[in-house]
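Please read the structure below before turning to the comments.
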Ligand SMILES: *[C@@H]1O[C@H](CO)[C@@H](O)[C@H](O)[C@H]1NC(C)=O
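Numbering (mature numbering (1 follows the signal peptide of the UniProt record, and there is no 0)), first residue to last: -20 to -1, 1 to 134.
Put into C-alpha cells, the structure is as follows:
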C-alpha cells in the first residue's frame, strides 16, 4: 500500500502561510466554515492526520460511468485543513486505448474543492427536462432516457 505523506511545511517553505503559521488539523466533528474546519486540540493530533492512503489504491470503476474519484480532501486528510491544497485520484476504465484502467491525479488549490461529475449534474436531478434540453441541445427522448438511467426525474 502506498502512503502519501505530506511534509506540510517543507512543501510550503516559501509560502507566507507557513511562515509563523501554526498547523490547524481539522476537527471533523466540528462545523465547517468557509475558512475550513476548526482546529483539533494539539494533544489529539496524530500522524494519521497527515497521511492519506486512499489515493494509493484503485477506485471501484464498476459503475455506470466506469470511473472512480478518490479524494484526499480535508475530510479524508485533516492535515490539509486551511492550507489551500488537496489531491484526488481518478480511475477511468473506458476511454483509454490500452485496455487497462487509466489513472490520473489532480491537485487543487483548495483543501475542500467542489467536485461535479457532469453526467450526474445534468441528468441525476429533478430539474424539468425542458430546461435540461434547452441547456444541452438534446431532444426530449434522450434527456428522459438519460434521466431514467442516472436516477433523475422531471
Ligand atoms: C464495486 O462496485 C460494485 C457496484 O457497486 C460492487 O458490486 C462491487 O462489490 C464493488 N467491488 C469492490 C471490490 O468493492
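Quick reminder that beta carbons are idealized off the backbone N, C-alpha and C, glycines included.
Bear in mind that the values here come from a model prediction, so they are computed numbers and not experimental data.
| Check | Outcome |
| --- | --- |
| Residue from 46, 106 and 112 whose Cα sits closest to the Cα of residue 81 | 46 |
| Rounded C-alpha distance that separates residue 112 from residue 20 | 43 Å |
| Closest residue to residue 30 among 53, 78, 16 and 120 (Cα-Cα distance) | 53 |
| Contacts around residue 131, its chain only, beta-carbon distance under 7 Å, and the 5 residues preceding and following it disregarded | 104 |
| Integer-rounded CB distance, given that residue 68 should sit under 8 Å from residue 49 | 6 Å |
| Secondary structure of residue 70, DSSP reduced to three states | strand |
| Rounded straight-line distance, which links the Cα of residue 108 to that of residue 141 | Since the displayed the chain opens at -20 and closes at 134, residue 141 lies outside it and no answer follows. |
| Buried versus exposed call for residue 115 [16 or more other C-beta atoms within 10 Å across all chains shown] | exposed |
| Neighbour-count burial assignment, residue 134, 16 or more Cβ in a 10 Å radius | exposed |
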